[in-house]
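1 is the number of the first residue of the sequence shown in full-length UniProt numbering; add one for each residue after it.
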Amino acid sequence: RSPVPLPRLRLFQKFSTFRILVCGGDGSVGWVLSEIDALGLHKQCQLGVLPLGTGNDLARVLGWGSLCDDDAQLLQILEKLERATTKMLDR
Numbered sequence: 001r002s003p004v005p006l007p008r009l010r011l012f013q014k015f016s017t018f019r020i021l022v023c024g025g026d027g028s029v030g031w032v033l034s035e036i037d038a039l040g041l042h043k044q045c046q047l048g049v050l051p052l053g054t055g056n057d058l059a060r061v062l063g064w065g066s067l068c069d070d071d072a073q074l075l076q077i078l079e080k081l082e083r084a085t086t087k088m089l090d091r
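The following block contains the structure:
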């Protein structure tokens with residue numbers, strides 16, 4: 001894996017709250033959440049999931065569906081994310 005999320009996430013240390021959209025499956029979500037935890041940003045971060053690829057159990061459980069495979073779905077998901085309520089995750 002590339003160390004790309006860590007330097008990018010450091011930019012968010014300046015904000016009291018922020019939102020991140022992870023485009024991928026459960027592995028990608030876990031990877032980004034681990035980096036958020038490593039930086040101590042978990043209390044100020046809200047994370048959304050755009051389900052791509054395989055292993056989309058988290059997105060499915062949260063009601064985002066199991067796969068975004070066309071452009072029409074992308075717009076619908078982004079609109080839903082804008083109105084979404086937050087839920088705590090137990091990791």
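We treat Cβ as the ideally placed atom computed from N, Cα and C, and that holds for glycine.
According to DSSP, residues forming a beta bridge with residue i
{"i": "Val-22", "result": "Val-49"}
For residue i, the first and last residue of its enclosing alpha helix (DSSP H)
{"i": "Lys-80", "result": "71 to 83"}
{"i": "Leu-58", "result": "57 to 61"}
{"i": "Leu-6", "result": "5 to 10"}
Nearest residue (CA-CA) to residue i, options the options
{"i": "Ala-72", "options": "Leu-50, Arg-83, Pro-5 and Ser-28", "result": "Leu-50"}
{"i": "Lys-80", "options": "Thr-17, Lys-14 and Ala-59", "result": "Ala-59"}
{"i": "Thr-85", "options": "Gly-30, Leu-47 and His-42", "result": "Leu-47"}
{"i": "Leu-39", "options": "Phe-15, Leu-9 and Phe-18", "result": "Leu-9"}
{"i": "Lys-43", "options": "Leu-52, Ile-20, Thr-54 and Gln-76", "result": "Ile-20"}
{"i": "Glu-82", "options": "Leu-74, Leu-6 and Asn-56", "result": "Leu-74"}
{"i": "Pro-5", "options": "Thr-17, Val-29 and Lys-14", "result": "Val-29"}
Quiz item: Would you call the segment 31 to 44 and the segment 61 to 68 touching, i.e. three or more CB-CB distances under 8 Å?
Solution: In the pairwise beta carbon analysis, the segment 31 to 44 is classified as not touching the segment 61 to 68: fewer than three pairs are separated by under 8 Å.
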